[in-house]
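Before any comments, here is the structure.
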Amino acid sequence: MRPALPSLTHRPNQFSIRRSIPGTPMDFHIRNSGPFAFSSIRAQQLESKDGSATVSEAAVSEENALKIKEWEVGMFHNEVAATQGIRIRRRPPTGPPLHYVGPFEFRLQNEGNTPRNILEEIIWNKDKEVSQSKERRPLSSLKKYLDNAPPTRDFIGALKAANIRTGLPGLIAEVKKASPSRGVLREDFDPVEIGRAYERGGAACLSVLTDEKYFMGSFENLQLIKNAGVKCPLLCKEFVIDAYQIYNARIKGADAILLIAAVLPDLDIKYMIKICKMLGLAALVEVHDEREMDRVLGIEGVELIGINNRNLETFEVDISNTKKLLEGERGQRIHEKDIIVVGESGLFTPDDIAFVQEAGVRAVLVGESIVKQSDPGKGITGLFGKDISCS
Ligand SMILES: O=C(O)c1ccccc1NCC(=O)[C@H](O)[C@H](O)COP(=O)(O)O
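According to full-length UniProt numbering, the sequence shown is numbered sequentially starting from 1.
What follows is the structure, encoded as structure tokens:
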């Protein structure tokens, strides 16, 4: 059971106020009833330009005003996300901004400055990485490389074809060196050799981890695999929070990209799916619970849904999650919309594959159980209990 969401009006933030006159420290606290009160304090500041000596618009420097704006946008994003049950918050831009009221400086102090779980930590780090990338190469410059990007391959078509060919779920085989939950999975990690072995073993598509810090992956790996002549369509396994990353993935040779519903509000998913379509990419929209599934089923244009059996906040893995999310009306809606469902994580044996196939998946995404094998291609035969290669 998840804790009930706190109501917006009962989420106290705490402001510490200190005098900004040097040498006269005077710390005390006031209570404030929510993020929007932050704006109203600022509004009061700006309204009081009538000569009252204590408050002045000039006291809010341009830089600080920008930080306030960023902070407010971030807070607004979190508020919208929370109404959709999203618990992963966005990183506060540069720490909470300072606010001035007369001689006082305000700084927001709450638990908003520390990630609450690993997924949130990954997202906050990604936010920094993306900001730095955009500074180095803004989207307008990045887009120029689109003309030279290799043509995309049909990711969903490859999964359907494999499903028809083998009578088993189409395999997305994951090229993953390490993960936060399992540590290093394979020391002698050659992404191209692993990709080739997967293709020989009958994988329909590959999933390539591109996050460096937490998964020891890279965009270089994605490019190396693409350029080595591996024909399987490639999923860029990233933590997408900004459309910029989708353009970058397309340029680096991805055929599909992951969008995680635990991180992205509905409107972002909808908008990102449109960008994917424009760029010729498939979007694998990942859910973990019923609420995320219901949200995603309400979003226009979704063709591929991944059910992750791993809870990315706690690392708990339970393959019956796939079955639970496909039961009853949800399964019916998925069938009517002709959505392909991918069972993800924790699949090790032919029985596991049979279990998720019985539940209704037409594809599976598998990492650990095959990447750890000395021959990952043979690992596929072990996973399915038979040779599914094309030969
Ligand atoms: O696996 C993790 O530790 C992890 C932590 C935080 C975010 C994502 C994470 N993993 C992504 C995945 O779910 C898996 O890479 C993928 O589904 C394959 O799972 P498996 O077959 O169990 O390696």
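A virtual CB, placed ideally from N, CA and C, is assigned to each residue, including glycine. Computed from a predicted structure; not experimentally measured.
Supposed close pair residue i, residue j - CB separation, criterion 8 Å
i	j	result
serine 207	leucine 304	About 12 Å; that fails the 8 Å criterion.
methionine 272	alanine 262	Their Cβ separation, rounded to whole angstroms, is 15 Å, which puts methionine 272 and alanine 262 out of contact at 8 Å.
valine 371	lysine 176	6 Å
methionine 293	arginine 330	6 Å
Residue from the options with nearest C-alpha to residue i
i	options	result
arginine 295	Glu327, Lys231, Ala81, Thr166	Ala81
cysteine 205	Leu222, Lys213, Gly217	Leu222
tyrosine 214	Glu358, Glu120, Ser345	Glu120
glycine 301	Asn311, Cys276, Glu290, Lys323	Cys276
glutamate 361	Asp351, Leu326, Ile388	Per the sequence presented here, residue 361 reads as valine, with glutamate not at that position. Nearest of Asp351, Leu326, Ile388 to valine 361, Cα basis: Leu326.
phenylalanine 315	Glu286, Ser179, Arg186	Ser179
leucine 347	Glu62, Glu135, Ile339, Gly385	Gly385
glutamate 313	Gly157, Ile260, Gly377, Ser131	Ile260
serine 299	Val287, Val230, Ile88, Arg310	In the sequence as displayed, the identity of residue 299 is isoleucine instead of serine. It is Val287 whose Cα lies nearest to the Cα of isoleucine 299.
lysine 69	Pro92, Gly229, Gly85, Met293	Pro92
Buried/exposed call for residue i, threshold 16 Cβ in 10 Å
i	result
threonine 83	exposed
methionine 278	exposed
threonine 210	buried
glycine 306	buried
alanine 254	buried
cysteine 232	buried
leucine 139	exposed
arginine 182	exposed
serine 345	buried
Ligand 1 heavy atom lying under 8 Å from the CB of residue i
i	result
phenylalanine 384	no
serine 320	no
isoleucine 122	yes
leucine 347	yes
glycine 253	no
valine 317	yes
isoleucine 156	no
proline 180	yes
glutamate 62	no
Limits of the alpha helix (DSSP H) - the one that residue i falls within
i	result
asparagine 163	155 to 166
alanine 359	350 to 359
isoleucine 123	118 to 136
residue 392	Given a span of 1 to 391 for the chain in the structure shown, any question on residue 392 remains unanswerable.
Span of the beta strand (DSSP E) around residue i
i	result
lysine 213	No beta strand (DSSP E) contains lysine 213, which DSSP labels as neither H nor E.
glycine 306	304 to 308
cysteine 276	Per DSSP, cysteine 276 belongs to no beta strand (DSSP E); it is in the alpha helix (DSSP H), 266 to 279.
glycine 343	340 to 344
leucine 234	234 to 237
residue 448	Not covered by the structure: residue 448. The range shown for the chain is 1 to 391.
glutamate 286	282 to 287
Cβ-heavy atom distance, residue i to ligand 2, below 8 Å
i	result
asparagine 163	As for ligand 2, it is missing from this structure, which binds only ligand 1.
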